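Reviewing the structure listed below.
Protein chains in written order, with our numbering: chain A, -6 to 100; chain B, 27 to 120; chain C, 43 to 343; chain D, 803 to 1276.
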C-alpha cells in the first residue's frame, strides 16, 4: 500500500518484538512453572498480535491479510490450550488430588 | 562467502554432529535424534545446492521431499523398536 | 552476501547448530526431544529462507509435527527414565574437525556449478500435466521414486505391526482437549484438502496434505472421537494400501497397454496424477495415524 | 511388457494383494517367485538374442528420467533372486521350525524380492538410495519377526542402515552438485578425479560398505542374521547384503575414473583379505551355530571385495566373472547352510555348536546339506565356490608380483576350512541320548539340501558358464 503505512507499521512490529523479549525474560527469571507459563502465554500472544498487525499493514492484498488473521486466531487458541494443558499436567505431578483421576501421572 | 556456501557448511556441520552423536551415545532415543539430525544435515546440503539455479532446482526439492517422507517412516519404525526393545518383559508368547 | 541477509542467515545457522548440539547432549531425554522439535521448526524456516516452500511445508508437518508426536508417545509409552544419567563419552573432536574440512573443501566449488536438469524440467513442464515443477518431478518425471517411497511408508507400518507395540491405552481426554480437538479436526481437513488441490500448480501436494490429515487423525483419535482403527477392518487396509495399489496398477497398465512403464497417455496425465495424489494422500494420512497411535489390539492381525 | 519388468512387477503386486485380503498363505509367494523366475529367464533369453536394453521410465529423455538397464548380468541377478526366494519360500512353507508360518513373512519377502529386482535394474543414483532404504526397512521388519529377543539386533541394524544410507545420500548430493546428473551411465564419462569427486566416492563407499557389512563395518551383521528366523537369515545373507555390493561394483568399475579406481583397488583388496581372516577367526571361536554362519557371510564377502579390488587395480576382465560367480555360489551355499543350521538348531533344541555332537545320527540330511554348502564356501572342487576361486586365482598366479594376494586367498580358504570342519568333525562323534521332544522333519531337511545340490550343479556346467559369462559385456 502507501509507504506511510509501511513506515507506520514499524511501531507495532517493534512493540511486538519488545513483548516477545519481555515474555522470554519472564520465562527465564520467574521462580515456578505457573508464573513462567503465565509470562510466556500472555506476552507472546500480545507480541504475536502486534507483529501480525504490523505485517497486515505491509500486506499487498486482502487474501494475505485474511490468512494472517486466521494464523493469529489459531496461534491464540493453541497458545491458550497448551498453557492450560501444561499447567494441569504440572498440577497432577505435584498434588494429584484424590477425586480427579490422574491422567498422565504414572508411578 | 555466498549464501549457498554458508548453508552448505551448516548442513555439513549438522551431518557431522549427527554422526558424532550416533557414535557417542548409548540412549536409544538420542540415537534416533542423531539420525534425524544427520538426515537434516544431508537435506540442507541438497537444498543449498538447489539454489544454484534461478527458480530453485525442482529436482532436488522433489528428492528432499522423498527423503523427508522416508526419514519419518524410518524414524517411526526405529522409535517403536526402541520402545518395545526397552519393555523386554512384554508378553510375546504369541 | 547481500547486506542485511548475513544477520538473518548467521543467527539462523548458529541457532540450528546450537539446537542440534542441545538435542544430542541435553541433560534429560525430555529436554532433548523439546530441543529437537524446536530444531524441526527452525529447519522449516531454513527451507523457506532457501526458497523451497514445498519443503518448508513438509518439514513443519513431518519433521516437527509427526516426529515430535512419535517421540513423545515413545517417551510416554515406554515410561523411559526422563533424566539421562550417562553423559556421552567424548570421542576426540579431532576426527569430526578433519572430516568437516574435508567435506567443506569438497563442497567449496559447488555453488558455481550448473545442472541441465532444471531447464529440462521447465521445458517439459507443459506436457507433464501439472504446472508446479516439484509436483511434476515427483509424480511424472521421477514417478518411480515416489512409488517406492510410498511403499517405504507402507513397509514401516508392516514393520511396526510385528512389534506388538506396548499397549499403553489412550488416556481419558480432558474436556478442554475435547473442545480444542473438535475445533481443530475440520480445520485440518480443510487445510489438507486445500494443500492437495493446490499441489498441481503451487507448493503443496500429497505428502504435505497427507501429513496434515494425519495430524488431524491423531488429534481425533487421542480425544476418542475417532474409533480405534483396526488392521482387521478392510476399509482401513484399503486406505493404507490405496497409494501403492493405484500407483502399481497405473504402472502395470501403462507398461502393458500404453507405451511404457509409468508413461502416462498424453491427454490424461493430469487426471492420472490427481488420482495418484488423492490415493497417496489417503494412504499416507492413515498410515501415519496408525504409526503414531496404532495400539496393540488395533495393529495385530 | 518387458519380461524383466514382469519379473519385478509380479512379487510387488502379489505382496499388495496378499496384504489387502490379509492372506498369509505361502502358496501365493511361492507362485509369485516361480512366475518371476520364468520371467527372469525370458528376459535373460531376450537379452542374449538382441543385446541389453535401456528403458526410459515415463518416456522422458535421458538426464531427466530414471532409466532401467536390462543387461545379461541384471537378468541373471533377477533369476538368481527369484530362485533363492523360491527355495527359501518352499522351506519356510514346509518346515515347522521356521517361526514364519503364520506371520507377515510372506508379503514382506515379496516386497524384499521386488526391491532387490528394482535394484538390479535401476541405474539412477537417487533411485538406488530409495531402494536401499526400502531394502533396509524390509530386512528390519523381517528380522523383528523373531519376537522381542531380536528387537535389539533389529534396532541396531536399522540405525546403522539409516546412517549408511545418509552417508550414501551425501555422496550423491555432492556428485549431483558437481556434475548436475543423477544417472550413473551418463556420469560414467563425465567424472574427473578432482577433490569433490574423490570425497563423494569416499563417502558413498563408506555408506555402501556399512550397508553390505563389508569388513571393518560388519559388526551389526552377526547378531541381526543370527537372531532372525531361519528363513529370514537365509534371505538376508544370500541376497540382501549383495544389493549394496552390486551398487559398489557398478559405481567403481563402471562410473569412477580409472585412476581413482587404481588408487582404491589395493585398499579394497586388503580389506577383503582382512575380512577373510578376521571374520574366519571369529567364526572359529563363536559358540553359537547361526552366529558362526553369519560370520562366514562376512568372511565370504571378503572374496568379493578382494576380486573387486584386484579388478580396479589391474582391470582384468575375468575378475568381473570371478566376483559374480562368488555372489551366485555364495548365495546358494549360504542359503542352504543357514536353512540347515536353523533346522538343526530347532530340531536339537539348542543354539550351541556343542549340541551338534553326533548330528550325523540325529539330523543326517541337514548335516549333509551343511557339509556340502561348507564345501562350496571353502572352494572344494565339485562346487560353484570352486569355479569362482578358480577364475579368481588365474590372474593372481599369472604374474609373480601378484602372488602375495594369492597368499591372502590361501589364508581365507584356511580360515573357512577351519570353521566348517570344526562343525563337521563334531557331528561325527557319538550322539547323546535323544531328547524327549525330538522329532525331526525329514522333508524340511531335504529342502535345506536343495540349494546345496544346485551349488554342485553349477560345477557341472562350469566350463560353459565361465565362457558365457566372460563373453557377456559388463
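Yeah, the Cβ is synthetic: ideal placement off N, Cα and C, and Gly gets one too.
The structure presented is a predicted model; accordingly, all values stated were derived computationally and were not measured.
Among the options, which one has its Cα closest to the Cα of residue i?
i                      : options                          : result
residue 1070 (chain D) : D:903, D:1051 and D:803          : D:1051
residue 874 (chain D)  : D:853, D:1208 and D:883          : D:853
residue 312 (chain C)  : C:63, C:181 and C:152            : C:181
residue 60 (chain B)   : B:40, B:33, B:89 and B:34        : B:40
residue 889 (chain D)  : D:1135, D:1093 and D:1265        : D:1135
residue 974 (chain D)  : B:69, B:102, B:91 and B:29       : B:69
residue 263 (chain C)  : C:153, C:214, C:323 and C:76     : C:214
residue 78 (chain A)   : C:162, C:316, C:327 and C:217    : C:217
residue 1211 (chain D) : D:835, D:856, D:1181 and D:1186  : D:1181
residue 1283 (chain D) : C:169, C:164, C:118 and C:196    : In this structure chain D extends from 803 to 1276, so residue 1283 (chain D) is not present and cannot be described.
residue 220 (chain C)  : C:261, C:187, C:236 and C:111    : C:261
residue 987 (chain D)  : D:856, D:1269, D:1129 and D:840  : D:856
residue 1091 (chain D) : D:840, D:1002, D:1226 and D:895  : D:1226
residue 157 (chain C)  : B:45, B:67, B:81 and B:47        : B:81
residue 837 (chain D)  : D:1123, D:806, D:861 and D:849   : D:806
residue 152 (chain C)  : D:981, D:942 and D:893           : D:981
residue 861 (chain D)  : C:162, C:303, C:177 and C:167    : C:303
residue 1274 (chain D) : D:1093, D:849, D:1216 and D:984  : D:849
residue 1287 (chain D) : D:1260, D:921, D:894 and D:1044  : Residue 1287 (chain D) lies beyond the range of chain D shown here (803 to 1276); nothing can be said about it.
residue 968 (chain D)  : B:32, B:71, B:36 and B:31        : B:71
residue 1174 (chain D) : D:1012, D:1202, D:925 and D:1256 : D:1256
residue 246 (chain C)  : C:273, C:319 and C:46            : C:319
Quick one: measure Cβ to Cβ for residue i and residue j, integer angstroms, because I've assumed they're closer than 8 Å.
i                      : j                      : result
residue 103 (chain C)  : residue 90 (chain C)   : Not confirmed; about 13 Å, so no contact.
residue 149 (chain C)  : residue 34 (chain B)   : 5 Å
residue 94 (chain B)   : residue 73 (chain B)   : Going by Cβ atoms, the distance from residue 94 (chain B) to residue 73 (chain B) rounds to 11 Å, so no, they are not a contact pair.
residue 1176 (chain D) : residue 1130 (chain D) : The Cβ separation is near 17 Å, so there is no contact.
residue 61 (chain C)   : residue 80 (chain C)   : 5 Å
residue 929 (chain D)  : residue 187 (chain C)  : 6 Å
residue 1105 (chain D) : residue 1264 (chain D) : Rounded, the Cβ-Cβ distance is 17 Å, inconsistent with contact.
residue 109 (chain B)  : residue 119 (chain C)  : 6 Å
Counting pairs of beta carbons, one from the segment 192 to 201 of chain C and one from the segment 278 to 291 of chain C, are three or more of them closer than 8 Å? yes
Decide yes or no for the touch test of the segment 1138 to 1145 of chain D against the segment 1028 to 1037 of chain D: beta carbon pairs closer than 8 Å, at least 3 of them. Look at the beta carbons and you see the segment 1138 to 1145 of chain D touching the segment 1028 to 1037 of chain D: at least three pairs across the two are nearer than 8 Å.
With 9 Å as the C-beta to C-beta threshold (strictly closer), list the residues of the segment 105 to 117 of chain C near chain D in chain order. none
Scan the segment 939 to 952 of chain D for residues whose Cβ lies nearer than 9 Å to a Cβ of chain B and list them as they occur along the chain. 939, 942, 943, 946, 949, 950 and 951
Got a sec: which bits of the segment 16 to 39 of chain A sit with their beta carbon under 9 Å from any beta carbon on chain C, in order along the chain? none
Does the contact criterion of 3 or more C-beta pairs under 8 Å hold for the segment 1184 to 1195 of chain D versus the segment 1051 to 1064 of chain D? no
List in chain order: all unbroken beta strand (DSSP E) runs of 3+ residues lying wholly within the segment 1197 to 1233 of chain D. none
The segment 953 to 968 of chain D in contact with the segment 37 to 56 of chain B per 3-pair CB rule at 8 Å: yes
Determine, using beta-carbon pairs with one atom in the segment 862 to 869 of chain D and one in the segment 835 to 849 of chain D, whether at least three such pairs fall under 8 Å. no
Stretch pair the segment 1102 to 1118 of chain D + the segment 1239 to 1252 of chain D: three plus CB contacts closer than 8 Å: no
Of all the residues that make up the segment 218 to 231 of chain C, which are near chain A by a beta-carbon distance shorter than 8 Å? 218, 219, 222, 225 and 229
Quick one: which residues of the segment 29 to 42 of chain B get their C-beta closer than 9 Å to a C-beta of chain C? List them in chain order. 29, 30, 31, 32, 33, 34, 35, 36, 37, 38, 39, 40, 41 and 42
Against chain B, which members of the segment 848 to 871 of chain D pass a CB distance test of less than 9 Å? For the segment 848 to 871 of chain D, the set of positions with a beta-carbon nearer than 9 Å to some beta-carbon of chain B reads 866 in chain order.
Could you name the residues of the segment 233 to 247 of chain C whose beta carbon sits closer than 9 Å to any beta carbon of chain A, in the order they occur along the chain? So nothing in the stretch comes that close.
Can you give, in chain order, each stretch of the beta strand (DSSP E) that sits fully within the segment 818 to 863 of chain D and has at least 3 residues? 855 to 858
On the three-pair Cβ rule with 8 Å, is the segment 816 to 826 of chain D touching the segment 225 to 234 of chain C? no
Determine, using beta-carbon pairs with one atom in the segment 898 to 914 of chain D and one in the segment 819 to 833 of chain D, whether at least three such pairs fall under 8 Å. yes
Evaluate the contact criterion for the segment 879 to 889 of chain D versus the segment 167 to 184 of chain C: three or more CB pairs, one atom per stretch, below 8 Å. no
Using a Cβ-Cβ cut-off of less than 8 Å, give me the residues of the segment 73 to 86 of chain A that come near chain C, in sequence order. 74, 77, 78 and 81
What are the start and end residues of each continuous alpha helix (DSSP H) run of 4 or more residues lying completely inside the segment 1008 to 1086 of chain D, in chain order? 1023 to 1029, 1032 to 1037 and 1044 to 1051
Count the C-beta pairs between the segment 1018 to 1028 of chain D and the segment 1095 to 1115 of chain D that are closer than 8 Å, then say yes if the count reaches three, no if not. yes
May I have a chain-ordered list of the alpha helix (DSSP H) segments no shorter than 4 residues that lie completely inside the segment 1080 to 1130 of chain D? 1091 to 1116
When you compare the segment 166 to 173 of chain C with the segment 913 to 920 of chain D, are there three or more beta-carbon pairs, one atom per stretch, that lie closer than 8 Å? At 8 Å Cβ cutoff, the stretches do not touch.
Okay, do the segment 1162 to 1174 of chain D and the segment 1227 to 1234 of chain D touch, 3+ Cβ pairs below 8 Å being the bar? yes
Check distances from the C-beta atoms of the segment 259 to 281 of chain C to those of chain B and list, in chain order, the residues that come in under 9 Å. none
The segment 0 to 20 of chain A touching the segment 43 to 61 of chain A, judged by at least three CB pairs closer than 8 Å: yes
Taking a Cβ distance cut-off of 7 Å, strictly less, list which residues of the segment 84 to 99 of chain B are near chain C, in chain order. 84, 85, 87, 88, 90, 91, 92, 94, 95, 96, 98 and 99
Please list the residues of the segment 903 to 921 of chain D that have a C-beta atom closer than 9 Å to any C-beta atom in chain C, keeping them in chain order. 904, 905, 906, 909, 910, 913, 916, 917 and 920
With three or more C-beta pairs closer than 8 Å as the rule, is the segment 14 to 33 of chain A touching the segment 57 to 66 of chain A? no
Would you check if there are 3 or more beta carbon pairs closer than 8 Å linking the segment 66 to 84 of chain C to the segment 49 to 58 of chain C? yes
Along the chain, which unbroken stretches of the alpha helix (DSSP H) at least 4 residues long are found entirely within the segment 45 to 92 of chain A? 55 to 87
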